[in-house]
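Q: With this note's numbering applied, the sequence shown covers 3 to 231.
The beta-carbon is built from N, C-alpha and C at its ideal position, and this holds for glycine as well.
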Amino acid sequence: MLRRLFKFFYKCVLWFLVLSFFWILLYKWLPVPLTPLMVIRYAEGQTSQTQTSWNHDWVPLDRISRNIQLAVICSEDQHFVGHNGFDLKAIERAISENKKGHRIRGGSTISQQTAKNVFLWPQRSWLRKGLETYFTFVMELVWSKERIMEVYLNSIEMGKGIYGIEAASRHWFGKSAGKLTKDEAAAIAAILPNPRNYKANPASHYIQGRKAWIVRQMGIYGNLTYDGK
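1) Which of the three DSSP states, helix, strand or coil, is assigned to residue 164?
2) With DSSP as the reference, label residue 69 as helix, strand or coil.
3) So, with DSSP's three-state summary, where would you put residue 231?
4) Taking residue 77 as the reference, give the member of 172, 191, 83 and 3 with the closest Cα.
5) Answer yes if the region 145-158 comes into contact with the region 107-122, meaning at least three C-beta pairs across the two stretches below 8 Å, and no otherwise.
6) Residue ranges of each beta strand (DSSP E) run of no fewer than 3 residues wholly in the region 126-190, ordered along the chain?
7) If I measure Cβ to Cβ from residue 227 and keep anything under 6 Å in the same chain, skipping five residues before and after, which residues do I get?
8) Applying the criterion that 16 or more other CB atoms from any shown protein chain within 10 Å of the CB defines a buried residue, is residue 89 buried or exposed?
9) Rounded to whole angstroms, what is the Cα-Cα separation between residue 132 and residue 112?
10) If you check the beta carbons only, do residue 163 and residue 17 fall under 7 Å apart?
11) Helix, strand or coil for residue 85, going by three-state DSSP, please let me know.
12) Where residue 229 and residue 5 are concerned, what is the direct C-alpha to C-alpha distance, given to the nearest angstrom?
13) If I'm right that residue 161 touches residue 170 with Cβ under 8 Å, what's the distance once you round it to whole angstroms?
14) Could you give the C-beta distance for residue 168 and residue 61, rounded to a whole number, given that I count them as a contact under 8 Å?
Below you can see the structure in the form of structure tokens.
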């Protein structure tokens, strides 16, 4: 009996590894049409009988302003260019602050956030964190940094019912993602920790402060983006 269970478990793990690898490989080239979070948010709206919007327009990286690429690196993951998917120092700082009873913060990189948004669900759990680690590791092996940035900017939540930078740019500033200024890009990056409650435009006093900090960081980094140029 135990041997059968072990064999069944072994086959399940093997099939998961094979199918998930080809899933990740597929998204190396194809646009991501939807994510689990999009489906969850839509279902929540239907359950609560509230009006549900779903704005998501995929655009290639060369049509996305380098300002927003730099802004999210400065605000979310300043070691994105150099790490292999995990920022160990950021994780150590997050663990230390959480143990001290400070506001809970994560140490997730852009790569980890991409894995979570594209392949997994938003609720925190050890299972999700373990799968996130696996998907991040394989993504970093298979995808380039450019592709990770492209998928990240096209998939993450940037407002209520707003997914991806093209929809966010048109919603918050009435323009395409390729035309975002430095201040506009920083404003959108500033709301990413809680995009359903924060507004990029008009920005609250808190978001204005975050935006100013991001703009300063962008100045320090100069023209450094995901590809080091």
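A: Taking the definition as stated:
1) Here residue 164 sits in strand by DSSP.
2) If DSSP states are grouped into helix, strand and coil, residue 69 belongs with the helices.
3) No answer about residue 231 holds up, because its pLDDT of 42 lies below 50 and its placement is not dependable.
4) Check the Cα spacing between residue 77 and each of 172, 191, 83 and 3: the tightest is with 191.
5) Yes, the region 107-122 is in contact with the region 145-158.
6) List check, beta strand (DSSP E) in window: nothing returned.
7) Reliability fails at residue 227, whose pLDDT of 48 lies under 50, so the model's placement of it is uncertain and the value that follows must be treated cautiously. Excluding sequence neighbours, residue 227 sits near 68, 71 and 72.
8) Note on residue 89: 16 or more other CB atoms within 10 angstroms of its CB, so buried under the neighbour-count rule.
9) Rounded to whole angstroms, residue 132 to residue 112 spans 16 Å at the Cα level.
10) Not closer than 7 Å, so no.
11) Coil, per DSSP.
12) With a pLDDT of only 47 at residue 229, under the threshold of 50, the placement of this residue in the model should not be trusted, and no figure is reported.
13) At roughly 6 Å, the Cβ-Cβ gap stays under 8 Å, so residue 161 and residue 170 are in contact.
14) With 8 Å as the limit, residue 168 and residue 61 qualify as a contact, their Cβ atoms being about 5 Å apart.
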